[in-house]
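Have a look at the structure below before the remarks.
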Amino acid sequence: MRTIHFGDHWALLVTPEPLDPRFGIVLSNPSTDRHASARVLRCATGEAPGEFEVAVELLEPSPEFWDGDGPG
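For what it's worth, my numbering labels the leading residue of the sequence shown as 475, then goes sequentially.
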């Protein structure tokens, strides 16, 4: 999984498997050693074969979750 874009309470991810919008997930950022609970808002076929673009909303805004990692 990789992060394409993010904000204090959302992210757009690329995953190798589709994620079901009915479920929640826990994101982990090894660069900040933080975890964040999120819900899947939508999942769509990505640009490359075998990739899925997944929009998630963090259950609590967490700007410190992203510090030092990923695209701004």
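Think of the CB as a built atom: it goes at the ideal place given N, C-alpha and C, for glycine as much as any other residue.
This structure is a prediction, so every number in the text was calculated from the model and none was measured.
- Boundaries of the alpha helix (DSSP H) around residue 538: 537-540.
- For residue 531, the enclosing beta strand (DSSP E) stretches over residues 526-532.
- With fewer than 16 other Cβ atoms from the protein chains shown falling within 10 Å of its own Cβ, residue 497 counts as exposed.
- Here the alpha carbons of residue 506 and residue 482 stand approximately 14 Å from one another.
- Separation of residue 510 and residue 477 (C-alpha to C-alpha, rounded to the nearest whole angstrom) is 14 Å.
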